[in-house]
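Asker: Before we start, here is the structure in question, set down as structure tokens.
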Amino acid sequence: MDMINHLIAAEADHSLLKKLQHYQSQELLVIDEIGYLSLGSQGSNLFFQVISSRHERKSTIITTNRPFAQWGEIFDSTTVATAIADRLVYNSEVLILEGPSYRKRNKS
-3 MDMINHLIAA EADHSLLKKL QHYQSQELLV IDEIGYLSLG SQGSNLFFQV ISSRHERKST
57 IITTNRPFAQ WGEIFDSTTV ATAIADRLVY NSEVLILEGP SYRKRNKS
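Here the sequence shown is numbered in the numbering used here, starting from -3 and rising by one per residue.
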């Protein structure tokens, strides 16, 4: 995930605060395919910082094919996963799309 890689690099070169402010300042942040890869402890904590800083201030859209019950596997800890999910679903619209994969429909 590009955002997490940018944040890890920013943490390494001591520019994390500036990078977090960049993600916090966007009116709309779209994060696609959460759960495709596990974020590990460092990535999970950085992701939490982004979501927490945007909570009740800016709009965030998350796409994932994983239900909330599996987020502990993505975010390295059920505690971090719960904190992230709580902030994302508070005062929000959650859309759950069901049915066959649109991407797979022409791949026979």
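Ideal placement from N, C-alpha and C gives every residue a C-beta, glycine not left out.
I'd like to know if T74 contacts chain B, where contact means its C-beta is closer than 8 angstroms to some C-beta of that chain.
Answerer: Looking at the structure shown, chain B is missing, and only one protein chain is on hand.
Asker: Are Q20 and S49 touching if we call contact CB-CB under 8 angstroms?
Answerer: To locate residue 20, count along the sequence shown from 1; it is residue 24. To locate residue 49, count along the sequence shown from 1; it is residue 53. Against a cut-off of 8 angstroms, the Cβ pair of S49 and Q20 comes out as a contact.
Asker: Keeping to the same chain, check which residues put their C-beta closer than 7 angstroms to that of T83; ignore five residues upstream and five downstream.
Answerer: By 1-based counting over the sequence shown, the position of residue 83 is 87. Before going further, note that residue 83 is Arg rather than Thr in the sequence given. The residues are I47, S48 and H51.
Asker: To the nearest angstrom, how far is it from the Cα of H2 to the Cα of F64?
Answerer: One-based indexing of the sequence shown puts residue 2 at position 6. One-based indexing of the sequence shown puts residue 64 at position 68. Rounded to whole angstroms, H2 to F64 spans 25 angstroms at the Cα level.
Asker: For L25, tell me which candidate among D(-2), L33 and P96 has the shortest Cα-Cα distance.
Answerer: In the sequence shown, residue 25 corresponds to position 29, counting from 1. Closest option to L25, Cα to Cα, is D(-2).
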